[in-house]
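Okay, structure first, notes after.
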Amino acid sequence: MSGLKRERTWRNMRRAMVNRLMWAGAILATLIALVPLALVLYHVLKLGLPALNWAFFTQLPKPVGETGGGMANAIVGTLILIGLASLVGLPVGMLGGIYLAEFGNGRAGGFIRFTADVLASVPSIVIGVLVWGLVVVPMKSFSALAGGVALGVMMIPLVMRTTEELVRLVPRSQREAALALGATRAKTTFTVVMAAARGGVITGVLLAVARIAGETAPLIFTALNNRFMSLRLDQPIASLPVTIWNYATSPYSDWIAKAWAGSFVLVALILILSIAARYATRGRFRLVR
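If you read the sequence shown in the working numbering, its first letter stands for residue 7, the second for the next number, and so on.
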């Protein structure tokens with residue numbers, strides 16, 4: 007009996023030791039993963055915050071070589087591009103996700119799912135070249151519309167797969183209850199199922215918007231850039247990512263400082279969207295449970 011007791015004690019000690027080692031490894035991996043994020047935030051705050059002022063948000067860029075000015079045109083242009091991308095990507099992505107969740111169990115659903123996964127992994131510069139050939143060349147001009155289409159195409163697979171997963175989490179009993187009361191399949195999907203999955207779907211939408219907000223490569227091939235305030239959708243338009251890239255690669259110290267300030271604004275925008283996504287998830291599991 008004493009030998010069996012010692013063996014059990016040894017097993018318990020070994021399990022406790024392995025548990026502590028795994029716990030320490032998990033904490034260490036988490037800290038290592040947070041180091042790049044902390045370094046990015048530190049440098050953006052250190053170099054970008056001092057360069058921010060009221061003129062940065064209200065004035066246009068100064069001519070080459072002059073100091074001062076701001077990125078008002080780029081901020082407005084980024085918001086316009088995000089709006090256009092949402093008009094293109096959200097309806098297609100959400101409706102596609104609903105179809106995959108409700109009716110996508112056959113070959114067609116599998117093909118769409120596979121296509122969405124491949125599209126999500128395509129480099130953004132390839133999407134920019136594709137939209138350049140499909141939109142910019144026929145229009146014979148770079149434009150805000152082409153930039154919105156490129157970013158919208160990038161949003162589609164993200165929104166589609168998120169919507170599908172969240173709609174699948176809604177219990178079948180809710181669908182059956184609505185159908186038993188005489189509701190049509192479409193009404194059940196859009197008023198009962200989507201209402202239950204609303205928090206998660208909004209989270210996916212906000213994360214998709216945050217994903218495209220900092221894209222530069224597709225905008226170089228589509229929206230190009232504009233040093234002036236332009237609200238026309240058929241003309242080139244400024245954006246924060248492209249303006250930051252142009253300023254950061256310039257030899258002027260004032261432009262480099264403004265590039266850091268633009269980076270700070272862009273990171274702040276993405277941070278706000280991420281916080282909003284977390285806020286939208288608060289009632290998600292309560293609704294779906």
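Cβ atoms here follow ideal geometry from the backbone N, Cα and C, with glycine treated the same way.
query: Do you know how far the Cα of S259 is from the Cα of M23?
result: 55 Å
- prompt: Thinking C-alpha only, which one of M28, I281, L230 is nearest L239?
  reply: L230
- request: Starting from the Cα of E108, find the closest Cα among A274, I131, S269, R181 and give me that residue.
  value: R181
- request: Have a look at R119 and M160 and give me their C-alpha separation to the nearest angstrom.
  value: 15 Å
- request: Would you grab the beta carbon distance between F234 and L51 for me? Rounded to a whole angstrom, and I think it's under 8 Å.
  value: At roughly 30 Å, the Cβ-Cβ gap does not stay under 8 Å, so F234 and L51 are not in contact.
query: If you count every other CB in all the chains shown that lies within 10 Å of the CB of M145, and 16 or more means buried, which is it?
result: exposed
task: May I ask you to report which of helix, strand or coil DSSP gives P242?
output: coil
query: Which residues in the same chain have their Cβ closer than 7 Å to the Cβ of L275, if we skip the five residues on either side of it in sequence?
result: A219
query: Could you give the distance in angstroms between the alpha-carbon of I243 and the alpha-carbon of L237?
result: 8 Å
- prompt: If we call anything under 8 Å between Cβ atoms a contact, is L246 one with M77?
  reply: yes
field: Boundaries (first-last residue) of the alpha helix (DSSP H) holding R233
entry: Per DSSP, R233 belongs to no alpha helix (DSSP H) and is neither H nor E.
- request: Would you grab the beta carbon distance between T228 and W138 for me? Rounded to a whole angstrom, and I think it's under 8 Å.
  value: 6 Å
field: Whole-angstrom C-beta distance between P224 and I131, which should lie under 8 Å
entry: 7 Å
- request: Have a look at L187 and T209 and give me their C-alpha separation to the nearest angstrom.
  value: 30 Å
query: Name the DSSP beta bridge partners of G75, please?
result: P67
task: For A216, collect the residues of the same chain with a Cβ closer than 7 Å to its Cβ; drop the 5 residues on either side in sequence, then sort them by chain order.
output: I276, L279, S280
- prompt: With DSSP run on the structure shown, which of helix, strand or coil describes A216?
  reply: helix
- prompt: My guess is that G74 and A61 are in contact by the Cβ rule of under 8 Å, so how many angstroms apart are they, rounded?
  reply: 7 Å
task: Within 10 angstroms of the Cβ of V124, are there 16 or more other Cβ atoms? Answer buried if so, exposed if not.
output: exposed
Span of the alpha helix (DSSP H), counted from its first residue to its last, around A183: 178-186
- request: Could you check if R290 is buried or exposed, using at least 16 other CB atoms within 10 Å of its CB as the buried criterion?
  value: At R290, the pLDDT of 49 sits below 50, so the modelled position is not reliable and the matter cannot be decided from this model.
message: Between which two residues does the alpha helix (DSSP H) holding L175 run?
response: That residue, L175, is in no alpha helix (DSSP H); it is neither H nor E in DSSP.
field: Collapsed DSSP secondary structure at A39 in the structure displayed
entry: helix
task: State whether the stretch 41-50 contacts the stretch 99-118, with contact taken as three or more CB pairs (one from each stretch) at a distance under 8 Å.
output: no
Span separating the alpha-carbon of G54 from that of W261: 12 Å
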